[in-house]
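Some notes on the structure that comes next.
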């Protein structure tokens with residue numbers, strides 16, 4: 024906690040001293056490349072493949088922003104950041120944008136002086152246990168040993184949950200996900216807790232997934248989203264609306280495959296505004312009017328990105344759940360584009 | 107007379123042949139008795155140890171024997187290995203190039219390979235100055251370089267060119283081994299150009315700065331002495347690098363030869379470990395020597411600065427230095443400067459190692475008898491001559507084990523850069539490999555692979571230091 028306060032102070036000093044530039048858009052255009060803070064490797068969300076090309080759910084959003092700003096989804100450089108370095112990298116201007124499944128919290132928004140411009144994935148902390156433990160609810164985990172990664176918000180959530188329900192547990196702290204999985208499989212702990220998406224990915228790759236269950240309780244809210252620095256609202260708007268453009272595209276049924284066809288035939292006024300056929304939406308943000316068209320053409324709409332990287336057709340197999348569009352009972356809702 | 111003859115007992119006329127010692131006093135039995143079964147305690151310990159070894163082998167052997175080399179995912183490995191389970195080496199087969207080169211573009215692998223081969227050529231005169239062993243090292247490296255190029259690079263032109271260059275260097279090493287030292291001096295610039303690419307004139311212009319330094323030194327030294335000469339030369343060279351070099355490079359931009367530039371963020375794996383490790387090792391030794399001399403100096407300012415630097419750097423963990431390199435430095439630099447992260451890390455790792463080397467060498471200096479210093483004074487040598495001819499050769503010889511273990515530690519510490527988001531072979535690349543859904547859940551195999559390579563390198567360094575100690579041994583103990 025002390026460290027984050029310290030870094031926050033450093034960040035604040037840097038901001039007031041005007042070190043980090045205000046016009047990120049101009050920087051990106053001048054550089055001809057978007058610097059996107061990414062994970063050092065998280066299954067489904069962001070990692071380089073065998074040929075060194077970055078792929079993943081978060082990565083696709085970076086590519087969409089690059090396509091919106093520079094017209095080319097390939098003009099993005101991914102800067103791997105660790106849990107410790109991510110916020111300082113953003114504050115110091117080393118990256119323009121951080122899309123690294125970072126949880127939107129009060130202190131990060133205010134104290135660290137960042138803006139979480141959207142939530143591209145609603146996650147929550149869950150538990151995985153072995154089936155033969157005979158547990159069907161997290162509240163039955165009294166006296167259990169729980170594997171937990173150190174230095175994360177999940178550790179604090181876990182303590183809160185068990186204290187609130189007045190049950191005891193023994194934490195087994197581990198360094199990272201692979202370590203946790205190893206300890207859990209070796210029987211060093213009865214339950215493994217982390218974000219539900221991470222649990223699903225771990226379970227999918229186990230030798231015997233049928234012997235492990237993910238308990239129904241989700242004990243915390245983990246809204247993950249793209250982060251930008253305070254003080255450059257235009258840049259924040261660009262990232263936010265690029266993301267919303269992907270949502271609107273899903274809502275309107277515009278996909279990577281049919282975008283040209285829709286553009287030539289549509290009469291829907293919102294779609295026409297989105298694709299730059301009417302109005303000056305792009306110019307208002309300092310971009311081309313076909314910004315959204317480029318962004319959608321990069322990796323498809325939100326639903327396509329979800330399905331291609333983490334959806335039910337992939338081995339990770341996450342259901343849309345909270346991340347379905349609002350029209351289908353989820354929380355993903357884009358304000359009107361006008 | 108004949109009586110006496112008849113009564114005399116048989117007298118042997120020739121010597122008996124030597125007999126073998128008793129069974130228990132020779133060969134395997136004797137060795138076993140002396141080393142493994144000498145007394146009750148010893149026997150018991152041997153049996154326990156044998157049991158432990160047997161137990162471990164019995165646990166691990168099936169895993170090693172069942173290793174799967176051909177599969178596309180961990181799941182497939184599990185299916186092939188069956189219920190007993192086995193190592194999934196297929197992950198190494200699929201991703202080895204990332205462990206070695208990181209994200210270096212695949213069609214340019216010849217560049218790091220040639221740079222790596224030339225590194226040994228440049229090392230040969232340092233390791234075996236003027237000896238035939240140096241030429242042998244160059245020969246072996248030349249063959250290995252050409253073979254690995256032939257295996258990994260599809261451009262026959264590169265292979266032929268490398269073969270010709272390596273053959274030339276081997277001939278040079280064989281005929282005039284001492285001349286090879288010029289290759290060593292040029293190597294840093296050549297390696298920089300090969301690895302990062304771009305116009306060759308950038309490293310050449312930087313090299314010219316050293317030319318300026320030497321020139322000024324030659325002019326000043328006869329008049330004002332070594333210290334003034336070095337200082338003036340250094341300052342002139344710095345002025346050149348700061349103000350002149352930029353325009354020289356700009357004027358020559360676009361003039362061939364040129365290589366496709368490769369960005370630092372594409373470096374990873376052992377390529378990154380070597381870039382950081384080798385640079386830091388070769389720069390930290392001279393800096394460390396100067397710091398050690400500074401710490402023993404009579405001049406108050408120099409002594410205070412050296413002590414302050416050494417104690418500060420040694421008192422701070424390396425991780426802190428790395429975080430400083432990656433996070434804090436960015437705040438103090440002007441906005442939008444893009445100061446390469448690898449360069450920042452190399453500089454701080456070098457300073458870190460230099461502080462340790464300085465203390466190791468100070469130990470060597472302290473071990474020299476006072477008579478050596480007095481003898482140097484009696485001969486009328488000045489400070490630098492005494493250091494160069496009498497003190498340093500002995501002090502460095504004493505410090506070899508300490509220096510080499512610092513180097514080994516430094517090389518292994520390069521894996522810590524994963525904490526600042528660089529792709530070190532142990533954690534950085536492994537994390538990326540595990541992020542692939544096909545290989546998620548893999549645990550031991552990457553660690554074993556990387557560990558074996560690290561062991562070979564560090565063991566090599568350690569053996570070389572023992573060879574060097576043996577070679578330089580002049581006492582009669």
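Residue numbers (our numbering), protein chains in the order written: chain R, 24 to 361; chain E, 107 to 583.
All C-beta atoms, glycine included, are put in the ideal place defined by N, C-alpha and C.
None of these values were measured; they are calculated from a predicted model.
Query	Result
Residue 467 of chain E to residue 571 of chain E span [Cα, whole Å]	15 Å
Selected residue, minimal CA-CA separation from residue 127 of chain R, among R:142, R:266, R:47	R:142
Nearest residue (CA-CA) to residue 512 of chain E, options E:387, E:501, E:576	E:387
DSSP beta-bridge partners of residue 148 of chain R	R:218
Where residue 180 of chain E meets chain R, residues with beta-carbon distance less than 9 Å	228, 230
Simplified DSSP assignment, three categories, for residue 577 of chain E	helix
Span of the beta strand (DSSP E), counted from its first residue to its last, around residue 120 of chain R	120 to 126
Cβ pair count under 8 Å reaching 3, the segment 219 to 227 of chain R against the segment 139 to 155 of chain R	yes
DSSP state of residue 199 of chain E mapped onto helix, strand, coil	helix
Per DSSP, the bridge partner or partners of residue 70 of chain R	R:78
C-alpha gap between residue 85 of chain R and residue 163 of chain E, whole angstroms	49 Å
beta-carbon residue 249 of chain E near the ligand PLP non-hydrogen atom, thresh 6 Å	The ligand PLP is not among the ligands present in this structure, which contains no ligands whatsoever.
Completely contained alpha helix (DSSP H) runs for the segment 168 to 197 of chain E, where each covers 4 or more residues	180 to 187
C-alpha gap between residue 173 of chain R and residue 200 of chain R, whole angstroms	11 Å
Proximity to residue 498 of chain E [Cα-Cα], best of E:475, E:517, E:134	E:475
Any C-beta of chain R under 7 Å from that of residue 451 of chain E	no
Which of helix, strand or coil DSSP assigns to residue 65 of chain R	strand
Stretch pair the segment 259 to 275 of chain R + the segment 316 to 331 of chain R: three plus CB contacts closer than 8 Å	yes
Terminal residues of the alpha helix (DSSP H) in which residue 489 of chain E lies	489 to 492
Members of the segment 191 to 215 of chain R that neighbour chain E once the beta carbon cut-off is set at 7 Å	201, 204, 205
Residues that DSSP places opposite residue 172 of chain R in a beta bridge	R:197
Under 7 Å from the C-beta of residue 547 of chain E: neighbouring residues of chain R	204, 228, 229
Span of the beta strand (DSSP E), counted from its first residue to its last, around residue 138 of chain R	137 to 139
Residue environment, residue 452 of chain E, which counts as buried when at least 16 other CB atoms sit within 10 Å	buried
Contact list for the segment 273 to 285 of chain R against chain E, Cβ threshold 7 Å	none
Neighbour flag for residue 71 of chain R against chain E, beta carbons, 7 Å	yes
Nonlocal neighbours in the same chain, by C-beta distance under 6 Å from residue 559 of chain E, ignoring five residues either side	none
Chain-ordered neighbours of residue 200 of chain E on chain R, where CB pairs are closer than 8 Å	73
Assigned secondary structure, residue 55 of chain R (DSSP; H/G/I helix, E/B strand, else coil)	coil
Through-space distance from residue 68 of chain R to residue 544 of chain E, alpha-carbon basis	14 Å
Residue 238 of chain R versus R:136, R:117, R:152, R:76, residue with shortest Cα-Cα distance	R:152
Spatial distance of residue 549 of chain E from residue 205 of chain R (CA atoms)	8 Å
Local Cβ density within 10 Å of residue 249 of chain R, reported as buried at 16 or more and exposed below that	buried
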